[in-house]
Amino acid sequence: MMNSQTATPERGSIDVQLTPDEALALTGVEFNGNHKIKSEAQRKIRNAFEKTFDFNAPTK
32 MMNSQTATPE RGSIDVQLTP DEALALTGVE FNGNHKIKSE AQRKIRNAFE KTFDFNAPTK
């Protein structure tokens, strides 16, 4: 699995475990035999954001 990390100074960081195929799909590589790879990677990232950040909190 590949580890993708996004960091912003004021908001912290997020760790997401992606398979190599999922990481490639997010860069635009298409897997004609399996269109679910990209959506699964996007779901993992969305879930990580929802667990890490409170989107209802007022921003500074």
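Using this note's numbering, read the sequence shown as starting at 32 and increasing by one per residue.
Built from N, CA and C at the ideal position, the CB exists for glycine as well.
Span of the beta strand (DSSP E), counted from its first residue to its last, around residue i
i   : result
D46 : G43 to L49
Start and end residues, alpha helix (DSSP H) containing residue i
i   : result
T58 : Careful: T58 lies outside any alpha helix (DSSP H) and carries neither H nor E.
N65 : Here N65 belongs to no alpha helix (DSSP H), and DSSP marks it neither H nor E.
Exposure label - residue i; buried when at least 16 CB within 10 Å
i   : result
V47 : buried
Residues near residue i in its chain [Cβ-Cβ closer than 7 Å; skip 5 each side]
i   : result
I24 : Since the displayed the chain opens at 32 and closes at 91, residue 24 lies outside it and no answer follows.
F80 : I45
Sequence-distant residues of its chain with Cβ nearer than 8 Å to residue i (five each side left out)
i   : result
T83 : G43 and I45
The ligand NAP heavy atom lying under 8 Å from the CB of residue i
i   : result
D46 : The ligand content of the structure shown is nil, which means the ligand NAP is not present either.
Cβ contact check for the segment 67-82 and the segment 44-56: 3 or more pairs under 8 Å: yes
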